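What follows is one structure encoded as C-alpha cells, with my remarks underneath.
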Amino acid sequence: MIQVAVFGYGTVGSGVVEVIEKNKEMVNKKSGEELNVKYILDLRDFPGDPYENKVVHDVDVILNDPDVNIICETMGGVEPAYTFSKRALMSGKSVCTSNKELVANHGPELIRLAKENNCNYLFEASVGGGIPIIRPLNYSLTAEKIEAVTGILNGTTNYILTKMEQEGADFADVLKEAQEKGYAEKDPTADIEGYDACRKIAILSSLMTGKNVKYEDVYTEGITKISAADFAYAKKLGRSIKLLAMSKELANDETLAMVSPFMIDAEHPLHMVNGVFNAVFVRGNMLGDSMYYGRGAGKLPTASAVVSDVVDCARHMGKTIMCFWDAEDVKLAGIETVSRPFFVRVGETDAAKVQELFGNVEKVKADGLEDEFAFITETMTEKEFAEKAAKLSDMRSRIRVENV
Ligand code: HSE
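Residue numbers (our numbering): 160 to 563.
This is the structure we're talking about:
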C-alpha cells in the first residue's frame, strides 16, 4: 500500500482526497498498488468531515513517518510550502503540487532535490489546472524541438474578457459581477494584472527551453486598460481580445516570454477559447501545431491533475522521472526588438499625424464613437511603434496584434 499525505485541506486539497476516494478502483489499478490517504495537514480542525481523524497540525508527524511515500502539496504560497517540500524530498518522499508560485520560484532546486533523493517533484496542476500540459511538454513531445508555446492560462481574465465581448460591458462592471459570482477573487490583482499567467508561462517556458525562466523578468501587462470601446472595434474587425501568455524561441538563441492582451483574428486557434476555459497552443518543429484545452482551475479539475501525478509517482517508486529544467537562466529577449502589428485607437484630431507616421492605414469607425477611429499598423518593432505612438497627441488605446 502506498501512503499519501495531503498538505492543505482547502479547495484543491479536499478535491485530491475526493478524487482518490471516488475513483479509488481506477486510480489503484493505474497505480499498480492501493493508495491510502494517511494524513491531512492543516492548521484547522474539520469536525464532521468524513476524514477529520486524518487531520494533523504538526508537519513532523508526517515527515517523520517512514510509511508516507507521497505528499500532495496544495497549500499555495511560497512558505511554508517551500520548507515542507524540501524536507519531504530530502527524506525521499515524492511531492505532487498545484502550487505555481512555489514551482515558478524554486522549480529547478526542488527538481534537483527529488533527483538526488530518488523521488519525484511533479507539478502538472500548477499550470492549466486539469489540462495535461506539463506531461506533454516533459515527456510526450520528447521528439520535438518546441518552438513556441502560447496560452490562455488564466480563467478569471478569460471570463472577464469573454463577458465584455458578449455584453459590450466595461471592465469594471464585469469584474464586479465576477467577484459577486465568485469567479474573481476579492483581491483580483494577481489575475487582472497578469501576474498569475506570468508565473505559469515562466514554468512552461522553462520546460520548453530546459533552462530557468525567471518570472520576474517576463514582460507582463494585464487587462485593466481594455475597454468596451476596444471590443466594439474588435467586433468590426472580426477579431477578439485575449490575455495571451507566450514563449517563443528566437533565431538568436534568445527566448521571448511575455504576457499581454492581444487582438487575434478568427483563424487563431485560441479565438474560440471562451469563459473560464484555458488552452495551450504548442508549436513543435516536427509535429507542427497541437493544442490542449480544458478547465484551468476549480477543485476537481485541479485535484485530478494532482492525483495524476500521484499515480505517476506510484508507478515510479524509487526512480526519478526525467525533467529538463536546469538552474541556468535562459537568455530572455527584450520585447523592444520584437515585431508585430498594433491596433490603435486615436482621436479624430490625430488623423493627419496618423497618416504622416503610419502611412495610408485603413480607418475603422465604431458606432457611438464619433470623435475617434482605429487602425492596424504595418508590422513593426515594439521600439519603432513606441516612438511613433509618443508623437500622437490623443492615443486612446493600443493593443498588440498576434497572427497565427
Ligand atoms: N486564478 C487562477 C485563474 C486560478 O483564474 O485561472 C488557477 O490558477
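Built from N, CA and C at the ideal position, the CB exists for glycine as well. Just so you know, these numbers come straight off a predicted model, no measurement behind them.
Contact the region 423 to 434 vs the region 257 to 271: 3+ CB pairs below 8 Å: In this structure the region 423 to 434 does not lie against the region 257 to 271, because fewer than three pairs of beta carbons, one per stretch, are closer than 8 Å.
Classification of Pro295 by the beta-carbon crowding that lies within 10 angstroms, buried from 16 upward: With 16 or more other Cβ atoms within 10 Å, it is buried.
Beta-carbon proximity list for Lys547, same chain, < 7 Å, skipping 5 on both sides: Sequence-distant partners of Lys547 (beyond 5 residues in either direction) whose C-beta falls short of 7 Å from its own C-beta, in its chain, are Leu516 and Phe517.
Helix, strand or coil at Thr316 [DSSP, three-state]: Of the three classes helix, strand and coil, the one that applies to Thr316 here is helix, per DSSP.
Where the alpha helix (DSSP H) through Tyr241 begins and ends: Residue range Ala240 to Met249 is occupied by the alpha helix (DSSP H) that includes Tyr241.
In DSSP terms, what Glu531 is bridged to: Bridge partners of Glu531: Gly506.
Burial state of Gln446, where buried means 16 or more other Cβ atoms lie within 10 Å: The residue you asked about is not Gln; residue 446 is Leu in the sequence shown. Counting the other CB atoms within 10 Å of its CB gives Leu446 a total below 16, which places it among the exposed residues.
Tyr378 versus Ile494: straight-line alpha-carbon distance, rounded: The straight-line gap from Cα to Cα measures roughly 8 Å.
The ligand HSE heavy atom lying under 8 Å from the CB of Asp355: At a threshold of 8 Å, Asp355 counts as near the ligand HSE, since its beta carbon sits closer than that to one of the ligand's heavy atoms.
Whole-angstrom distance between Thr233 and Val250, CA atom to CA atom: Note that residue 250 is Ser in the sequence shown, not Val. When rounded, the distance between both Cα atoms is 19 Å.
Cβ-heavy atom distance, Gly314 to the ligand HSE, below 8 Å: At least one heavy atom of the ligand HSE is nearer than 8 Å to the Cβ of Gly314, so yes.
Cross-strand partners of Ser498 (DSSP beta bridge): Secondary-structure assignment with DSSP links Ser498 through a beta bridge to Thr540.
Member of Leu269, Ile229 and Glu306 whose CA lies at the smallest distance from the CA of Met367: For the options Leu269, Ile229 and Glu306, the alpha carbon positioned closest to that of Met367 is the one of Glu306.
Backbone CA spacing between Ile229 and Ser365 [nearest angstrom]: So the two alpha carbons sit approximately 25 Å from each other.
Whole-number beta carbon distance between Glu303 and Ile293, since they are thought to touch under 8 Å: About 15 Å separates the two Cβ atoms, so there is no contact after all.
Alpha-carbon spacing of Met160 relative to Glu426, whole angstroms: Each residue's Cα considered, the two are about 50 Å apart.
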